[in-house]
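Reading through the C-alpha coordinates given below for one structure.
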Amino acid sequence: MKNLFIASILIFATTLSYAQETSKDSIPDSRDINKNELSINAFNLVAFGIIDIAYERVIDENSTWAVEGYLYPSNDDYYGDGFFKNSSVTGKYKHFFSSNYARGFYVNGFGMLSNGEYDVDYYLDQQSGDYVYKTENYTDFAIGFGLGGKFVSQGGFLLDLNAGIGRNLFSDNSPTIVGQFMINLGYRF
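Next comes the structure, spelled out in C-alpha coordinates:
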(Lines of atoms letter the chains of each structure in order from A and count residues from 1; the text may use other names and numbers.)
(Lines give C-alpha, C1' and ligand atoms only; values in the text may rest on other atoms or scores of the structure.)
Protein backbone atom coordinates (compact mmCIF):
# COMPACT_ATOMS: atom_id res chain seq x y z
CA MET A 1 0.00 0.00 0.00
CA LYS A 2 2.86 2.31 0.91
CA ASN A 3 4.55 1.62 -2.46
CA LEU A 4 1.31 2.32 -4.35
CA PHE A 5 0.91 5.63 -2.50
CA ILE A 6 4.53 6.71 -3.30
CA ALA A 7 4.15 5.64 -6.94
CA SER A 8 0.92 7.62 -7.36
CA ILE A 9 2.53 10.73 -5.79
CA LEU A 10 5.50 10.42 -8.16
CA ILE A 11 3.22 10.02 -11.18
CA PHE A 12 1.14 13.02 -10.07
CA ALA A 13 4.26 15.17 -9.50
CA THR A 14 5.74 14.16 -12.85
CA THR A 15 2.47 14.91 -14.64
CA LEU A 16 2.14 18.27 -12.87
CA SER A 17 5.71 19.33 -13.68
CA TYR A 18 5.33 18.19 -17.30
CA ALA A 19 2.06 20.13 -17.64
CA GLN A 20 3.72 23.27 -16.29
CA GLU A 21 6.65 22.97 -18.68
CA THR A 22 4.49 22.43 -21.72
CA SER A 23 2.10 25.25 -20.82
CA LYS A 24 5.03 27.69 -20.52
CA ASP A 25 6.41 26.58 -23.87
CA SER A 26 3.06 26.51 -25.61
CA ILE A 27 2.10 30.10 -24.77
CA PRO A 28 2.73 31.95 -28.03
CA ASP A 29 4.54 35.26 -28.07
CA SER A 30 2.04 38.14 -28.36
CA ARG A 31 3.84 39.48 -31.43
CA ASP A 32 3.15 36.14 -33.13
CA ILE A 33 -0.61 36.13 -32.58
CA ASN A 34 -1.56 39.80 -32.89
CA LYS A 35 -2.60 40.80 -36.41
CA ASN A 36 -3.07 44.60 -36.45
CA GLU A 37 -0.41 47.30 -36.62
CA LEU A 38 -0.60 51.07 -36.45
CA SER A 39 2.50 53.16 -37.19
CA ILE A 40 3.70 56.63 -38.14
CA ASN A 41 6.64 57.61 -40.33
CA ALA A 42 8.73 59.29 -37.65
CA PHE A 43 11.42 60.45 -40.09
CA ASN A 44 9.03 62.46 -42.30
CA LEU A 45 7.21 63.86 -39.28
CA VAL A 46 10.34 65.14 -37.54
CA ALA A 47 12.37 66.22 -40.58
CA PHE A 48 9.68 67.70 -42.84
CA GLY A 49 6.41 68.01 -40.90
CA ILE A 50 4.74 65.37 -43.09
CA ILE A 51 1.98 63.26 -41.59
CA ASP A 52 2.37 59.69 -42.87
CA ILE A 53 0.29 57.09 -40.99
CA ALA A 54 -0.05 53.38 -41.80
CA TYR A 55 -2.42 50.60 -40.79
CA GLU A 56 -1.18 47.08 -41.50
CA ARG A 57 -2.96 43.74 -41.18
CA VAL A 58 -1.13 40.41 -40.91
CA ILE A 59 -2.54 37.88 -43.40
CA ASP A 60 -0.33 34.97 -42.36
CA GLU A 61 3.20 34.44 -41.09
CA ASN A 62 4.72 35.46 -44.45
CA SER A 63 2.51 38.28 -45.70
CA THR A 64 0.67 41.47 -44.74
CA TRP A 65 -1.34 44.19 -46.46
CA ALA A 66 -1.24 47.86 -45.51
CA VAL A 67 -2.97 51.16 -46.18
CA GLU A 68 -0.95 54.36 -45.80
CA GLY A 69 -2.18 57.93 -45.70
CA TYR A 70 0.21 60.80 -46.51
CA LEU A 71 -0.46 64.51 -45.96
CA TYR A 72 2.03 67.32 -46.55
CA PRO A 73 0.26 70.34 -45.07
CA SER A 74 2.84 72.95 -46.16
CA ASN A 75 3.06 72.84 -49.94
CA ASP A 76 4.87 76.22 -50.11
CA ASP A 77 8.28 75.02 -48.98
CA TYR A 78 9.60 72.01 -50.90
CA TYR A 79 12.93 70.60 -49.80
CA GLY A 80 15.02 70.46 -52.96
CA ASP A 81 11.93 69.76 -55.09
CA GLY A 82 11.65 66.36 -53.40
CA PHE A 83 8.04 66.63 -52.28
CA PHE A 84 5.66 67.37 -55.14
CA LYS A 85 2.73 65.48 -53.70
CA ASN A 86 0.42 67.08 -51.18
CA SER A 87 -1.47 63.93 -50.25
CA SER A 88 -1.64 60.27 -51.19
CA VAL A 89 -3.25 56.97 -50.30
CA THR A 90 -1.12 53.87 -50.80
CA GLY A 91 -2.06 50.20 -50.74
CA LYS A 92 0.77 47.80 -50.09
CA TYR A 93 1.34 44.04 -50.02
CA LYS A 94 4.44 42.75 -48.17
CA HIS A 95 6.00 39.30 -48.41
CA PHE A 96 8.43 38.29 -45.63
CA PHE A 97 11.39 35.95 -46.16
CA SER A 98 12.21 35.07 -42.55
CA SER A 99 10.88 32.26 -40.38
CA ASN A 100 9.55 34.84 -37.91
CA TYR A 101 5.88 35.77 -37.85
CA ALA A 102 5.50 38.73 -40.29
CA ARG A 103 8.78 40.32 -39.34
CA GLY A 104 12.29 40.42 -40.75
CA PHE A 105 13.35 41.14 -44.36
CA TYR A 106 10.56 41.70 -46.91
CA VAL A 107 9.73 42.93 -50.41
CA ASN A 108 6.57 44.84 -51.19
CA GLY A 109 4.46 45.96 -54.12
CA PHE A 110 2.37 49.11 -53.92
CA GLY A 111 -0.21 51.20 -55.71
CA MET A 112 -0.35 54.92 -54.88
CA LEU A 113 -3.02 57.48 -55.70
CA SER A 114 -1.49 60.93 -55.19
CA ASN A 115 -2.12 64.58 -55.95
CA GLY A 116 -0.03 67.71 -55.77
CA GLU A 117 1.61 70.45 -57.76
CA TYR A 118 4.40 69.79 -60.25
CA ASP A 119 6.72 72.12 -62.21
CA VAL A 120 5.93 71.46 -65.86
CA ASP A 121 7.92 74.30 -67.46
CA TYR A 122 10.23 77.15 -66.61
CA TYR A 123 11.65 80.15 -68.38
CA LEU A 124 14.08 82.98 -67.71
CA ASP A 125 12.41 86.29 -66.95
CA GLN A 126 14.38 88.88 -69.00
CA GLN A 127 13.56 91.78 -66.68
CA SER A 128 14.45 90.20 -63.33
CA GLY A 129 16.94 87.58 -64.51
CA ASP A 130 15.16 84.95 -62.36
CA TYR A 131 13.74 81.64 -63.48
CA VAL A 132 9.95 81.52 -63.38
CA TYR A 133 8.34 78.12 -62.91
CA LYS A 134 4.98 77.16 -64.36
CA THR A 135 3.22 74.60 -62.18
CA GLU A 136 0.22 72.37 -62.78
CA ASN A 137 -1.94 70.48 -60.31
CA TYR A 138 -2.05 66.73 -60.87
CA THR A 139 -3.73 63.56 -59.68
CA ASP A 140 -2.09 60.32 -60.72
CA PHE A 141 -1.76 56.63 -59.89
CA ALA A 142 1.62 54.93 -59.51
CA ILE A 143 2.70 51.32 -59.12
CA GLY A 144 6.02 50.28 -57.66
CA PHE A 145 7.99 48.03 -55.35
CA GLY A 146 10.19 48.33 -52.30
CA LEU A 147 12.48 46.53 -49.88
CA GLY A 148 12.45 46.68 -46.12
CA GLY A 149 12.88 45.13 -42.74
CA LYS A 150 10.52 44.98 -39.79
CA PHE A 151 11.57 44.46 -36.18
CA VAL A 152 8.91 43.74 -33.54
CA SER A 153 9.67 43.59 -29.80
CA GLN A 154 8.05 41.03 -27.53
CA GLY A 155 5.85 43.80 -26.17
CA GLY A 156 4.57 44.62 -29.66
CA PHE A 157 6.46 47.84 -30.42
CA LEU A 158 7.82 47.90 -33.96
CA LEU A 159 10.36 49.56 -36.23
CA ASP A 160 9.74 49.26 -39.97
CA LEU A 161 12.45 50.47 -42.37
CA ASN A 162 11.40 50.68 -46.03
CA ALA A 163 12.55 52.22 -49.30
CA GLY A 164 10.61 51.98 -52.54
CA ILE A 165 10.31 53.39 -56.02
CA GLY A 166 7.38 53.59 -58.43
CA ARG A 167 6.18 55.16 -61.66
CA ASN A 168 3.17 57.38 -62.25
CA LEU A 169 1.05 56.08 -65.10
CA PHE A 170 -1.55 58.53 -66.38
CA SER A 171 -0.82 62.26 -66.12
CA ASP A 172 1.74 64.29 -68.07
CA ASN A 173 1.60 66.93 -65.32
CA SER A 174 2.90 64.61 -62.60
CA PRO A 175 6.42 63.52 -61.70
CA THR A 176 7.37 60.37 -63.60
CA ILE A 177 9.05 58.67 -60.65
CA VAL A 178 7.74 58.50 -57.07
CA GLY A 179 9.79 57.39 -54.12
CA GLN A 180 9.13 56.19 -50.61
CA PHE A 181 11.53 56.31 -47.69
CA MET A 182 10.03 55.25 -44.40
CA ILE A 183 11.19 54.87 -40.83
CA ASN A 184 7.95 53.83 -39.14
CA LEU A 185 7.48 53.48 -35.41
CA GLY A 186 4.37 51.74 -34.20
CA TYR A 187 2.65 49.01 -32.27
CA ARG A 188 1.32 45.55 -33.12
CA PHE A 189 -1.91 44.76 -31.28
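Residues -19 to -1, 1 to 170 (mature numbering (1 follows the signal peptide of the UniProt record, and there is no 0)) make up the sequence shown, in order.
Think of the CB as a built atom: it goes at the ideal place given N, C-alpha and C, for glycine as much as any other residue.
query: Under three-state DSSP, which class holds residue 15?
result: Numbered from its first residue, the sequence shown carries residue 15 at position 34. It is coil, neither helix nor strand.
- prompt: Where does residue 23 fall in DSSP's three states?
  reply: For the purposes of this step, residue 23 is taken as the residue at position 42 of the sequence shown. Residue 23: helix per DSSP, three-state reduction.
- prompt: With respect to the beta strand (DSSP E) encompassing residue 96, which residues constitute its N-terminal and C-terminal limits?
  reply: Along the sequence shown, read from residue 1 onward, the residue named residue 96 stands at position 115. Looking at the DSSP string, the run of the beta strand (DSSP E) that includes residue 96 is 85 to 105.
- request: Throw me the rounded Cβ distance for the residue 128 and residue 88 pair, which I believe falls under 8 Å.
  value: Position 147 of the sequence shown, counted from the first residue, corresponds to residue 128. Position 107 of the sequence shown, counted from the first residue, corresponds to residue 88. 6 Å between Cβ atoms; contact.
query: If we count the other Cβ atoms within 10 Å of its Cβ and call it buried at 16 or more, is residue 149 buried or exposed?
result: For the purposes of this step, residue 149 is identified with residue 168 of the sequence shown, where counting begins at 1. The residue in question, residue 149, is buried, as its Cβ has 16 or more Cβ neighbours within 10 Å.
field: Simplified DSSP assignment, three categories, for residue 170
entry: By 1-based counting over the sequence shown, the position of residue 170 is 189. DSSP, reduced to helix, strand and coil, places residue 170 outside both helices and strands of the structure shown, so it counts as coil.
query: DSSP puts residue 122 in a beta bridge; with which residues?
result: Residue 122 sits at position 141 when you count from the first residue of the sequence shown. Among the bridge pairs identified by DSSP, residue 122 is matched with 94.
Assigned exposure category for residue 50 - 16 Cβ within 10 Å defines buried: Here residue 50 is taken as the residue at index 69 of the sequence shown, counted from 1. So residue 50 counts as exposed.
message: Considering Cα atoms alone, identify which of 16, 114, 162, 151 is closest to residue 84.
response: Taking the sequence shown and counting its residues from 1, one reaches residue 84 at position 103. Answer by Cα proximity: 16.
- prompt: Would you report the Cα separation of residue 43 and residue 125, rounded to the nearest angstrom?
  reply: Position 62 of the sequence shown, counted from the first residue, corresponds to residue 43. Position 144 of the sequence shown, counted from the first residue, corresponds to residue 125. A direct Cα-to-Cα measurement between residue 43 and residue 125 gives close to 20 Å.
- prompt: According to DSSP, is residue 138 helix, strand or coil?
  reply: By one-based count along the sequence shown, residue 138 stands at place 157. Looking at residue 138 - three-state DSSP - the assignment turns out to be strand.
- request: Would you mind sorting residue 104 into buried or exposed? The rule is 16 or more other CB atoms within 10 Å of its CB.
  value: Here residue 104 refers to the residue found at position 123 when the sequence shown is read from its first residue. Around the beta carbon of residue 104, fewer than 16 other beta carbons lie within 10 angstroms, which makes this residue exposed.
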